[in-house]
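Residue numbers (the numbering used here), protein chains in the order written: chain A, 112 to 446; chain B, 112 to 446; chain C, 112 to 446; chain D, 112 to 446; chain E, 112 to 446; chain F, 112 to 446. What follows is a set of notes on a single structure, which appears directly below.
Written as structure tokens, this is what we have:
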């Protein structure tokens, strides 16, 4: 069974059987896989589009982040569509799950090409939707953004990044791995360094040459210490203000390793001294409210290393739902 | 061996052998099981009474919370009676462990009846004591409060609840499960909705209809976000102020799932974005100081899912000892 | 969405999306949920019928065996339909997954009634099929057999049991728990003690009174030591020979706790000194080949306690596929 | 509370509360701690005496084997007194739990002296009982045997050892650690090398010089490969035959590291290629039947490294109960 | 620091500091990394050569098998050089650790080329040595054998494989992944199907088309059931006999997934019903004694999924040392 | 291989192989073991000296803290030398790893003497360096400080302690265990009680008599609640101000059990309600900046109980690097 819309995207591997009474209150009852859609036009109206990007063989360290898209979908059963904090019901939005980019086992370049193509196809079709990529490792960000650029070449793209690392490693060392996405985008001319904003850097997890490269290219960053002193919300707002004066579209990338290792047992690259869950959720909510934010991704979450209770998978899903909340609050405010 | 006082309550399954020199400095050397008491009258003077309520087959999801009362007692060896923060020694209080409510393997209704009866018996005997129920899942709260009501039908009861959920599910769906205790109390007329205060709701863990039911019944609640903004202590004080103007007795129920999943690996229903340990302990201490608070419970902690170091079991015991601290601080202040 | 055939059975909670090319080589591509069937008559031709029985709140100890039916279905992706040992392809058989018996959260009696009804309905419809119940705890066996009896009251039923325990506890103590199924069947007159054969008893895991009860009722048993001395295959054949001379239909029940604890980390009641995996698979294969064996179950496997690699869930599925292999070998031999 | 009999032995830290009806069918209802005994003479009639020896700071590698005596006692609740394999009820024997040898935190020599003294006291009092020491690490064996020798200096002692290692390391290197007990006994003249029999050596876990020392001293050993070829039971019988012609008393020491690492996750020194559970239980049963076997120990089991299900702790307890079974079978055969 | 001999092979990442007294009794004191060698000629005399092959991004499922070479070296401290079973000391052999094949993060083809080159270089230099490759996933086997062929093109190569799978998947699907090494070798003409012998196939872990391909190409195989019936040793001897009549050189590949999942928690692809440790070690020892066996590998062991005690890593090292034992026994027998 | 400088200190057990190009950016490429140094005079210029103190058999509870020095060195590969928060590169400092104090398996007194001697030797040689001891349990602190005192008898020493406990237990109970270091120093006259400052006490983890002893001896302490109210940084500054007016040298001891149990799974004595990672790092940084701080230790971290991702080991290393950062910031400020 292939999706009618995207023959080059694999549909999700399974479908939740829907409740007979038609009442939906849990996320898995609400978000529809593309294989459940019968009317292409209806599909095109989705306000949010999900794309799974199950690639982690491009990671420097052995990673099972490729398993997150499936774990993400399975975790939906643990979440209501109703957001109590803001008294809104996400199920009033239409969200479409297009499935996963197909991957090749031994040809990573091919995997990356597939991601660019899938991203371009979806950004081409869904010009008014938010596109959420569920990684996968951080190498996918460069590919998702390139696809976005391919679909809308005239739009200047800016990036807001929550991350413990710059991800500016030299691609000539080991190709487009998970340590390189930001450099990849700079060197390919898709995003200028000065249009990148990183929040969350800290500790002993970046080499000096990366910082120097960042400075040369004008990459903007707030260390976690600086962001805490200023306030996470205020820091995010400043980044968005600056960005929106310079670009047409903003892409949010959430590298889950920005979290403290106590909060993210399922993120092997998370470190001591990182963000708390509350700080990350506060930041993501604020970003999502900005009208220029058109796409986002969640990367580097490895369910194979998670706790039995799947604490980190649930947190990844919470980040996604928080993003949707911000989007909906904006819409409501706009109306 | 049965207790002389409560033939229908099983004594704790084991007794700590006491130190020869009679010096007690650890909690397990201090709290006496009812089987170690020879004088019923002496027992009746206990300032605090413990009742284990090892029921979790009434949980919606598979739960081992029934194992908490035993794990709770075993953990006592890790705690001193001396509280350094407040420079008081809890061993100056008398605490009686009456044992566990007997449970039936396949008749949950019978289990619930046993809890009501045990609660009524203890509340009837110990009119000036604090009664602490150690769950078990949250279904026991409705039963403990009904027993309290049965013992003192003329007293109006209010509830302060730390919880991620409303626990207002419809009993007609699946009976008095762990999702229903508050609704159970409202529908049975034992506690009015307007006399319930919930602190800690957040995220995507309650469906919209439950919120609507809460509003209809006048249930009061502070989301975790609101409570943090106002301050946990201040929020608790406001709840207590309002409650004490309306009721005679206050019951505190601590659903451990109010905690962030990073702090409570042994609480399967805990979620990302919940309370920190410091916040919960701050709240419980403040509640315990209020003179109208007569009873409390700790529920939904599943030792079978805890870490090897029993991090969550220890946290549950810490909540209990913090409650006792508040009680003792009040007494000292009153004298 | 409800199944057209069995409105009182919940369909499986999810469906695997099938491969576009229609080639099926993995178990999840082969076994169809009832919701994927459009022709009731076609469904009725299934050679094997699966019924999930997600009940474990009737367990004496806290258990998550209720999660096994879902874990069982998820594990299908790890198994080919082709059996190399015997050079047969299971996909030549038709297997129908009818879904799960609906359970009530707080009324265990109702759960048990639902199982009896579902079993009777299926045994009534599928008179030439093998019926495989996926537990759940061992209390379900009594209910499945009662349903079988209800559907075919004139048939004498015998039981072959792989188990570390007699499961002959007195129901007057705690109702029809997981310790009672065999006694339940004897006392209700559905199966005579002399038509029960237990293989695998060993060690210190049965009290003396149970052994005495077994002897009084003529229950047959081989301890694991005896079975090893004689040979597992030979022991099974002797049981089947004796049984087939006395009954019309044989029910196989596999309590996974018959396995040594080293082989079954996900079975909390497994013990040191139990069966090896190889021994159990050898036994099950032999049973399945017997033409009078009409139904089987797999019980007491708790996925929540399994290893990360789901070693025990996979073993449970292997037991099921081994049973199907025996059935198919018999058919082939008969033709 | 100290025991009236052995003021220098700490009573068990806790007591199980006994069933009111006096019916005992589980091990914890049967084995009495010394603190529950009121008549010293009655205590003296115990057929089996248990002594906990919670010392593991003498281990070469960091070990929590000191926690086994308590874990052993807690595990009793999982075992019936009735042995189905042999149709005997252990509760017909009288077993006395004298508690634990007191240990010093920083003076290991003192710990060892305490063990010698406790062993001598108990062997002096209980001349017709079997003495079971529950370790602790293997250094305790030398001390238990020395105490035995002190109580009965004229008796020649032989040792049967199940072990992956010789435990013949040179004490001048690091004192009487867990690698030295057999050499300690040879060098102190308490047991002759030729009266030691080791079953289970295998693989790459002993250095050559230890083998040479063993040969010089005439220590007897069967590698696991040799024992398997000959049969475990036959090997044990040959050892016992030879030993009983040379000594008055036989001491059995079970180093749990003789087990394959797959069977003993809670024994850090267990290795690939070791014994299966079935083999060890078969061996222990045979040893226990021999009338000259007067004492035994179980060592090097670290509950802190065990699985959540406490697979290895349960196995250790099973070894103990199997030993008792052998003793009882002998008695029955003698009568 | 690069090795003087193999500039294209990375030296091991660390060196054990050697004991001052020069006495070596543990494996880590004996096996020298190439960086510790000062005389190239001396290096060339090594009887055994180790090559780490840390590649697992070519695995179909997410794998950390790339971490095994380092874990393997770290585990050496747990093993003596003395083999008690056979009374030989491995340290009389000279073993050289040449380090690890360098890998590229995103170019798997390049990784594979590097392996072929490294293998060719080493086989070219060490014509009388045994070459042991430490994987990595099973894709490396095709590359190691190709390198061997490149170094000695005139020699016919045969393969003895312990495996649960055929590893004959079609490379046109996903390139030279870990599912394809045997087909890769057949299709590239390096090894004929009839010169491949697989021992250990079982269960539901191979699709039918693979079996058909195997039969077409004349691949020989014994299922585990067949091998057990015949005896592991006898099966191995028969394979070796047949092979040695057809080829000049035999390559042994040990896919650790041949083991039962209870014995190999650190091998994600291991399955219920596989080999026991004792069976595998018996088989490997027998293979190693054959004079035509010139090279071997150990693959698919993922230390990131191993138990805390590193049970599977230790087992992998035990397989290696057992191989060396066979080699040494042969040499001794030849002299 | 022994170090030329300290024949009584064991060199680290392994050496990292250095990168060929000589560029060092990771901690393991920077910090040199003493065995890699050829010029003793060069060694003497080290600004920071590391001494491993692998002793934990002196712990009251079974502990594997002896494994931390090795785990600490292995973790270096996960850390860059560049500190982004403060834009400094630690590799501009010279750091020397002298190895580990040799320990005796069964003579704890000898272990302690070895520590005192090693500390005295190093403090004697490195008068201008910071000395960092990597424990081990907290008993080592008394020995390190005694060695420091022995090397410089005329200097008054003060102690700043991050700890959940007083560590003032009576040595007459169980010798110099991990519960006694502060009392040991007071009673031996090496440090006066009034020159000790403890930050982090909280909860129910100290008995009343210890508090009384602390008060008698004038030990200063801020509970965690007090420190939080005042601010961690401010609290530390006040302690340092007071201390520097009274002593010549300040010793920092970080007992990792000061952390909340959610942040320190690898510290068995950590408790609910402790410090967050952010708080501890803030405190350590501030201490390190003070010129009188000459030595520090990190104790009670047990890698055997850590998570698979080694969250706590990494945190311990982060504490060490944060200390170095403070030292370097001070130097830079001074220049």
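Glycine is no exception: its CB is placed at the ideal position from the N, C-alpha and C atoms.
Exposed or buried, residue i, counting other C-beta atoms within 10 Å across all chains shown (16 or more means buried)?
i                      : result
residue 174 of chain A : buried
residue 323 of chain A : exposed
residue 150 of chain E : exposed
residue 131 of chain C : exposed
residue 283 of chain D : exposed
residue 230 of chain F : buried
residue 102 of chain D : Chain D is shown only over 112 to 446; residue 102 of chain D falls outside these bounds and no answer can be derived.
residue 211 of chain A : buried
In whole angstroms, what is the alpha-carbon distance linking residue i and residue j?
i                      : j                      : result
residue 416 of chain B : residue 152 of chain E : 58 Å
residue 410 of chain B : residue 266 of chain B : 24 Å
residue 414 of chain A : residue 247 of chain B : 30 Å
residue 112 of chain E : residue 337 of chain A : Low local confidence applies: a pLDDT of 49 at residue 112 of chain E is under 50, so the model's placement there is unreliable, with the coordinate-based value given in what follows. Distance between the alpha carbons of residue 112 of chain E and residue 337 of chain A: 40 Å.
residue 216 of chain A : residue 379 of chain D : 38 Å
residue 347 of chain E : residue 273 of chain E : 10 Å
residue 370 of chain E : residue 137 of chain D : 37 Å
Are the CB atoms of residue j and residue i within a distance shorter than 9 Å?
i                      : j                      : result
residue 295 of chain D : residue 253 of chain D : yes
residue 158 of chain E : residue 202 of chain E : no
residue 213 of chain B : residue 425 of chain A : no
Starting from the C-beta of residue i, find all residues in its chain whose C-beta is less than 7 Å away, skip the five residues before and the five after it, and write them out in chain order.
i                      : result
residue 400 of chain A : 437, 440 and 441
residue 65 of chain F  : The question about residue 65 of chain F has no answer, for chain F in this structure spans 112 to 446.
residue 240 of chain F : 157, 158, 159 and 160
residue 185 of chain D : none
Note down, in chain order, every chain B residue with its Cβ under 9 Å from the Cβ of residue i.
i                      : result
residue 314 of chain F : 190, 191, 194, 195, 196, 392, 429, 432 and 433
List the residues of chain A that residue i touches, going by C-beta distances under 7 Å, in chain order.
i                      : result
residue 415 of chain E : 173
Since residue i meets chain B, which of its residues come closer than 7 Å, beta carbon to beta carbon?
i                      : result
residue 146 of chain D : 128
residue 426 of chain A : 383
Starting from the beta carbon of residue i, find every residue of chain C whose beta carbon is closer than 7 Å, and list them in chain order.
i                      : result
residue 289 of chain E : Here the premise fails: no neighbours, minimum Cβ distance about 15 Å.
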